[in-house]
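Q:
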């Protein structure tokens, strides 16, 4: 049992059990990182608000948009290739496994073609909206398979695809890093200890720490949403293997020293843990506090650094317990095959730097200040927020992204979307006009390439929906109306002249004469009828009244002659009147009736004349023809009656004609007056339309010509409905405005423009009826803007928290405020200098003129949290030598000379571990690695100078309080030994 306890077998059993548990409980890390490792912004920021509105816009569906890219690298797309793109698009649409929400292709309409086909006609894009619930990798692979077209380069890209590929590349880079770091550490440890077992055991203990840390962190993330990122696993590897190896070197080196002194394996292990373990615990605690302080960050991406704190805590427990088993069990064999157990070599570099500083403090510190100034004040750190730059160009999503950048406006790879959510439907005349005003306003913003909305689906104005075009149609109509008025005026004038030239007075006079003749005719006809009646009545008395008959016959002949002459004049007059009134429809029918009566009259007179003539010739035969006359008397009476009736009709018609002619004369006078008035009125109308036309033309040329106006009936028309469906939600309460910027959507330039657009848009909407609507801007540029604001703001806050935590830890460890401040200052200057150098190296070696946005943060926490170890190593040795070396200057020189080898070895291992990140092909990891490596080099060169100068200036006397305390303590513990020494 004693041996079981001395050999720390319990620790071995416990850790083996925990390893088995970790193996069986470790979740799917790759999927977990894909699901929860992306950058998550707070729900209150604008881009996240826009995402919520977008979800409502899509009917409650969480959707992502993927971009299919078709490119002909040899020139313009041919008609056949265009048809192939349409076929590929239809294949994507009809794939049931993709659960397509919508597809927008250049072949849909002219507006879509204008947006999605490049100006050089070599490239087309197809926007594919799919549900977020499905894995983006599966969606991408299926679409790539569907759109693969011979003779064209085809890609699928978009922010989600780029993020997915970034996770994949990071995961592949991690595998490289693990292998390279393990090989590097193995080689370095062999060189340092000249042993094969030391590297194996060191990697084993650190590997156990890494496995257990990964299991704890990932299970916390899976069950309790512990913050993780794409870099969590990577930084766990480099930090744990880096500082874990450093701590092992410190522990094994002390163990070797104790073995050399002759202690047994168990006692040597305990002594090593008591002395080196304290330094490890202090150093690890400082690192732990530094990373644990990240829990106070608001940005979840920064909080993911707490996972390293979990790893460091587990690392300390493993190293200080499991190593005890190996050291106490193996003892001296731990360093096999090396037989040399001499203490570590002296560091000639640190000895020289510390010694020269103590002799020429101002010169050495002055050199440091002169070297630091260019690094601290040269240039500004503009950061790159473009996640696409993290990927190598060989990745297909990055290649598609590059094609878009080369052939479209820079902002086309990630258009900005303005969402407007209103309580009432937006498809009204007023709201559409206001949306169009906002579209025009956004289009006038600096840095905006194009703007598309419900009123401008193609990104350009529809002229027919603006007053300028509508007023042009109206003025053209007024011009045609004026021409028509002039023609009418000309016709009225001609009619008026003809009426004026017509001799209506003469015609009326002739009609009046005709009326008088007709009256006389009627009177004569009546007399004739009475005469014939009397004549026939007296035929029977013919014989007796022959004398009377002869006298009556003479009167008859005379009357018939006058009547015949009157009849002739009547016919002539009627003909003249008819010719004069032929154009008057109202009299035409009556004149026809009058002429008919006149003809009957002429007919009757003819018959009468034919009867009178035989009567006159046969007067001498009266007696013999009395019987014949009596038989013809009925015909004579009938003829006389016809004459009387016809003359009555003629008289009636002529009188009517006379009356109508008089009325006609009055009406024609009124008509002439009316035509004159009409002509004058048309003059006024023409003048009015000319004035209106001039006013409308002036309005057309003014700013009012740009006013949007859409008739209510047109809003619901079949031609406008597709635009409503494309830019408004189904309930028409949400609309979107798509903005394409001139700059890359992930750059700081675009982010600044989004801030300006947001401010201007909110101010503009205050003057509209949409002032109470919810407005949010989404898209890559908006996310970049929010990310900048949160990352920059939280960075300084986190830095302060971290420095305060590490500063307090340093004060406890060093028991000196001055030393703590000096170490913190050294780390800050080292960080700033190394960051500037990394920027220069990135520009000349990586051809990247900016650091990625998260490089400063991760570089800071890594360099400060890990760099503080070396200061603690040095100062703990300095404190440990207080009893043996009373002269503070000799003590700091001795500490620097001895601990320099440990620090340099540790820096080489830590730097090499971070160097293993360079083959990852992830720009952030490469830049962080460069910054840490440069920072470690700076620390290795400056720490002995700064700490030696600090000791010299703060302790001008030879013996310090620490020495006096150690003397008092030893006197108290060993009074006899101290008294003998004095003697």
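In the numbering used here, the protein residues as written are 1176 to 2158.
Backbone N, C-alpha and C fix where the C-beta goes; we use that ideal spot for every residue, glycine too.
Is residue 1185 buried or exposed, if buried means 16 or more other CB atoms sit within 10 Å of its CB?
A: Answer is exposed; the Cβ neighbour count stays below 16.
Q: Specify, as a first and last residue, the run of the alpha helix (DSSP H) that residue 2077 falls within.
A: Per DSSP, residue 2077 belongs to the alpha helix (DSSP H) from 2063-2090.
Q: Figure out for me which residue from 1922, 1971, 1607 and 1698 has the closest Cα to the Cα of residue 1827.
A: Ranking the options by Cα distance to residue 1827, first place goes to 1698.
Q: Using a Cβ-Cβ cutoff of less than 7 Å, which residues in the same chain neighbour residue 1229 once the five nearest sequence positions on both sides are dropped?
A: Counting only Cβ-Cβ distances below 7 Å, and skipping sequence neighbours, we find 1594 and 1953.
Q: Across which residues does DSSP place residue 1583 in a beta bridge pair?
A: Answer by DSSP bridge pairing: none, since residue 1583 is not bridged.
Q: Which one of 1216, 1363 and 1305 has the shortest CA to CA distance from residue 2081?
A: Measuring from the Cα of residue 2081, the nearest candidate turns out to be 1363.
Q: Could you work out which residue in 1366, 1615 and 1457 is closest to residue 1986 when comparing CA atoms only?
A: Closest by alpha carbon: 1457.
Q: Indicate the three-state DSSP secondary structure (helix, strand or coil) for residue 2102 in the structure shown.
A: Here residue 2102 sits in helix by DSSP.
Q: Quick check on the DSSP output: the alpha helix (DSSP H) that includes residue 1228 runs from which residue to which?
A: Unbroken alpha helix (DSSP H) run through residue 1228: 1221-1232.
Q: Any idea if residue 1190 is buried or exposed, counting beta-carbon neighbours within 10 angstroms, 16 or more meaning buried?
A: Result: buried.
Q: What residue range does the alpha helix (DSSP H) around residue 1916 cover?
A: Where residue 1916 is concerned, there is no enclosing alpha helix (DSSP H), although the beta strand (DSSP E) it sits in stretches over 1909-1916.
Q: Could you please give the first and the last residue of the uninterrupted beta strand (DSSP E) stretch that includes residue 1570?
A: Premise fails: residue 1570 is in no beta strand (DSSP E) and is neither H nor E.
Q: So which of 1419, 1373 and 1899 has the shortest CA-CA distance to residue 1508?
A: Comparing Cα positions, the closest option is 1373.
Q: For residue 1550 and residue 2016, I'd like the C-alpha separation in whole angstroms.
A: About 13 Å.
Q: I'd like to check one pair, residue 1883 with residue 1640: are the Cβ atoms closer than 8 Å?
A: Yes. Within cutoff.
Q: Alpha carbon to alpha carbon, how far is residue 1604 from residue 1627?
A: Going from the Cα of residue 1604 to the Cα of residue 1627 covers about 18 Å.
Q: Using DSSP with H/G/I as helix, E/B as strand and the rest coil, what is residue 1991?
A: Three-state result, residue 1991: coil.
Q: Around the Cβ of residue 1376, are there at least 16 other Cβ atoms within 10 angstroms (buried) or fewer (exposed)?
A: Classification of residue 1376: buried, given that the 10 Å Cβ count is 16 or more.
Q: Straight-line CA distance for residue 1430 to residue 1506?
A: Going by the C-alpha atoms only, they are around 9 Å apart.
Q: State buried or exposed for residue 1887, treating a residue as buried only when at least 16 other CB atoms are found within 10 Å of its CB.
A: Answer is exposed; the Cβ neighbour count stays below 16.
Q: Strictly by DSSP, which residues pair up with residue 1239?
A: DSSP output for residue 1239 lists 1305 as bridge partner(s).
Q: What does the alpha-carbon distance come out to for the pair residue 1325 and residue 1317?
A: Those two C-alpha atoms are separated by around 17 Å.
Q: Would you decide whether residue 2014 is buried or exposed? Buried here means 16 or more other CB atoms lie within 10 Å of its CB.
A: Classification for residue 2014: buried.
Q: With distances taken Cα to Cα, identify the nearest neighbour of residue 2196 among 1461, 1243 and 2035.
A: Nothing can be reported for residue 2196: it is not among the residues displayed for the chain, which extend from 1176 to 2158.
Q: When DSSP labels each residue in this structure, what does residue 1550 get in the three-state scheme?
A: In this structure, residue 1550 counts as helix in the three-state DSSP scheme.
Q: Give me the DSSP bridge partner(s) of residue 1300.
A: According to DSSP, residue 1300 bridges with 1244.
Q: Using 8 Å for Cβ pairs, my map puts residue 1487 next to residue 1459. What's the rounded Cβ distance?
A: Rounded, the Cβ-Cβ distance is 6 Å, consistent with contact.
Q: For residue 1588, count neighbouring C-beta atoms within 10 Å of its own C-beta (all shown protein chains included) and say buried if the count is 16 or more, exposed if not.
A: Per the 10 Å Cβ criterion, buried.
Q: Which class does residue 1943 belong to by DSSP, given the choice of helix, strand or coil?
A: Looking at residue 1943 - three-state DSSP - the assignment turns out to be coil, as it is neither helix nor strand.
Q: Between which residues of its own chain and residue 1911 is the CB-CB distance below 7 Å, once the five residues before and five after are set aside?
A: Once the five neighbours on either side are set aside, the close Cβ partners of residue 1911 are 1232, 1592, 1593, 1594 and 1902.
Q: Leaving out the 5 sequence neighbours to the left and right, which residues in its chain are closer than 7 Å to residue 1259 when beta-carbon positions are compared?
A: These residues qualify, in order along the chain: 1324.
Q: Compare the Cα-Cα distances from residue 2093 to each of 2075, 1625 and 1413 and report the closest residue.
A: Nearest C-alpha to residue 2093: 1413.
Q: In angstroms, rounded to a whole number, what distance separates the CA positions of residue 2051 and residue 2103?
A: Spanning the two alpha carbons is a distance of roughly 29 Å.
Q: Here's the rule I'm using: 16 or more other beta-carbon atoms within 10 Å means buried, otherwise exposed. How should residue 1919 be labelled?
A: Residue 1919 comes out buried.
Q: Looking only at DSSP bridge pairs, what is residue 1595 linked to?
A: Residue 1595 pairs with 1910 and 1950.
Q: Can you find the residues in the same chain that come closer than 8 Å, C-beta to C-beta, to residue 1291, ignoring five residues on each side of it along the sequence?
A: Cβ neighbours of residue 1291 beyond the five flanking positions: 1279, 1280, 1281, 1299, 1300, 1301 and 1302.
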